[in-house]
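In the UniProt record's numbering, the protein residues as written are 1 to 99.
Quick reminder that beta carbons are idealized off the backbone N, C-alpha and C, glycines included.
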Amino acid sequence: MSVSGRTHVRACPERTCVGCRKRAAKHELLRVAAVEDACVPDPRGTLPGRGAHLHPDPSCLDLAVRRRAFPRAFRLQGALDTAVLRTFVEERAGLTSTP
Ligand SMILES: [Zn+2]
């Protein structure tokens, strides 16, 4: 039946969440970029440099921070400030905003 070697059509790009390490469709994950010593959310994917992908979920952010996943993803040494990113994720998760 199958004659071609083409087995996958990449219609739906996937990325791995740096928190829970599960794969998800790219649009389900939040791109995070490093600006100086801080992790910043990059929902439009416009910031230059390396990006990390994360579920917009505080628990995934916690896991990523605990694993030091961001310095690894950005190939940086030392701690990164995640305060801005945390606020963004919490708002996105509806923890601080009103419905
Ligand atoms: Zn996740």
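Selected residue, minimal CA-CA separation from residue i, among the options
| i | options | result |
| --- | --- | --- |
| Pro43 | Gln77, Arg21, Pro56 and Arg75 | Pro56 |
| Glu91 | Ala69, Arg66, Leu61 and Asp81 | Leu61 |
| His53 | Lys26, Gly78 and Thr82 | Lys26 |
| Cys20 | Phe88, Ala69, Val89 and Ala11 | Ala69 |
| Ala73 | Thr87, Arg31, Cys12 and Pro13 | Arg31 |
| Phe88 | Ala24, Lys22 and Pro41 | Pro41 |
Beta-carbon separation (whole angstroms), residue i vs residue j, contact threshold 8 Å
| i | j | result |
| --- | --- | --- |
| Arg66 | Arg50 | So it is not a contact: roughly 20 Å between Cβ atoms. |
| Val18 | Ala64 | 5 Å |
| Leu85 | Cys39 | 4 Å |
Same chain only: Cβ atoms within 7 Å of residue i, ignoring 5 sequence neighbours per side
| i | result |
| --- | --- |
| Ala93 | Pro56, Asp57 and Pro58 |
| residue 127 | Residue numbering for the chain in the displayed model covers 1 to 99; residue 127 lies beyond these limits and cannot be assessed. |
Neighbourhood of residue i by C-beta, 6 Å cutoff - its chain only, sequence neighbours within 5 removed
| i | result |
| --- | --- |
| residue 119 | Residue 119 lies beyond the range of the chain shown here (1 to 99); nothing can be said about it. |
| Leu47 | Ala33 |
message: Which residues end up in the neighbourhood of ligand 3 when you take C-beta atoms closer than 5 Å to any of its heavy atoms?
response: Only ligand 1 can be found as ligands here, which leaves ligand 3 out of the picture.
task: Please list the segments of the beta strand (DSSP E) lying wholly inside the UniProt domain "YlxR" (15 to 77), counting only runs of 3 or more residues, in order along the chain.
output: 23 to 25, 30 to 35, 38 to 41 and 51 to 54
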